[in-house]
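**Q** One structure follows; several queries about it will come next.
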Amino acid sequence: MTENILDCFTDVYKNSLGVIGLQGGYYERDGEKLFTELGFVSYYYNKGEVDFPSNEDVLRELGTIVDDSIGECLNSSDYSGVDFSFDSYTTQVRLEDDNVKFITFVVLDVNEGGSVRRIDLGERSVIIESSLYYMIVIGQFSANYALENDEKICLSCIEQLGKISDLSVEIIDMETDNNDFLFLVYTKNENEYPKVFEFMHSNIGEGGGQSSRV
């Protein structure tokens with residue numbers, strides 16, 4: 000049962016990373032965003048202002064996504080013949096340069112023939128391979144560069160960051176009146192999550208960039 004629950008937790012963790020990637024580090028966002036079929040894309044640069052999440056913000060958003068979904072894994076009716084209960088749970092997330100570590104703190108009281116056995120799942124962490132750290136770095140760098148360099152996009156700089164972190168970056172001119180550019184940062188490792196990290200820049204200056212895959 001414990002391993003089945005942890006497998007379910009792992010699926011939730013991977014899904015949470017997918018959401019964070021598609022929405023540029025956010026679960027919910029009050030700032031500028033472009034709604035899509037899968038959620039929304041966050042604007043990191045717009046009208047002379049930068050607005051992107053810090054690493055701490057992203058970790059907090061990840062924890063919230065997990066805690067909103069992890070209850071699906073703790074429905075005792077899904078585990079035939081096993082009766083257990085729990086009081087509450089919360090998830091802690093840690094970001095490293097090559098992984099994301101999740102720990103969901105929850106204690107299960109398992110009823111076994113009239114006696115109760117306690118299982119502390121908070122003693123078990125799950126580590127997901129990830130380049131999220133460098134994806135965030137690329138997003139933050141590109142927004143700050145646009146702010147400090149007349150609303151331009153430095154393709155060579157982003158190419159170099161991508162090479163260093165073994166990521167592929169696609170920059171798409173959306174051909175809108177607001178000069179919107181969509182950034183897609185892809186992992187090259189099939190075992191990593193998220194697969195892609197997306198964000199937008201708006202009001203990029205004339206000649207500020209062009210559609211490119213680096």
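Start counting the sequence shown at 0; every next residue gets the next number (numbering that gives the first Met the number 0). Yeah, the Cβ is synthetic: ideal placement off N, Cα and C, and Gly gets one too. Model, not experiment: these values are computed from the prediction.
#1: State the Cα-Cα distance for the pair F196 and V106, rounded to the nearest angstrom.
#2: Going by DSSP in three states, V105 sits in which element: helix, strand or coil?
#3: Contact defined as beta carbons within less than 8 angstroms: I believe V11 pairs with I69. What is the distance between those atoms, to the nearest angstrom?
#4: Find out if the Cβ-Cβ distance for the pair M0, V81 is shorter than 7 angstroms.
#5: Any chance you could list the alpha helix (DSSP H) runs of at least 4 consecutive residues sitting entirely within the region 117-146, in chain order?
#6: Please work out which residues of its chain come closer than 7 angstroms, Cβ to Cβ, to Q217, disregarding the five sequence neighbours upstream and downstream, and give them in chain order.
#7: Decide if T103 is buried, meaning its Cβ has at least 16 other Cβ atoms within 10 Å, or exposed.
#8: Less than 6 angstroms between the CB of S124 and some heavy atom of the ligand GTP, yes or no?
#9: Once DSSP output is grouped into helix, strand and coil, what is the label at E31?
#10: To the nearest angstrom, report how far apart T35 and V168 are at their CA atoms.
#11: With distances taken Cα to Cα, identify the nearest neighbour of E158 among E147, L183 and L146.
#12: Taking contact to mean 3 or more Cβ pairs, one atom from each stretch, closer than 8 angstroms, check whether the region 109-122 and the region 92-100 are in contact.
#13: Please report the straight-line C-alpha distance between V18 and Y26, rounded to a whole angstrom.
#14: Based on the DSSP output, what are the partners of F180 in its beta bridges?
#15: By how many angstroms is the C-alpha of L166 removed from the C-alpha of N45?
#16: Flag this pair as yes or no: are the beta carbons of S41 and F198 separated by less than 7 angstroms?
#17: Quick check on DSSP: helix, strand or coil for Q113?
**A** Walking through what the data contain:
#1: 34 angstroms
#2: coil
#3: 5 angstroms
#4: yes
#5: none
#6: Within the shown structure, residues of the chain are numbered from 0 to 213, placing residue 217 beyond reach of any answer.
#7: buried
#8: Ligands in the displayed structure: none, and consequently the ligand GTP is not present.
#9: coil
#10: 20 angstroms
#11: L183
#12: no
#13: 7 angstroms
#14: D172 and H200
#15: 25 angstroms
#16: yes
#17: Checking the sequence shown, residue 113 turns out to be Gly, not Gln. Looking at G113 - three-state DSSP - the assignment turns out to be coil, as it is neither helix nor strand.
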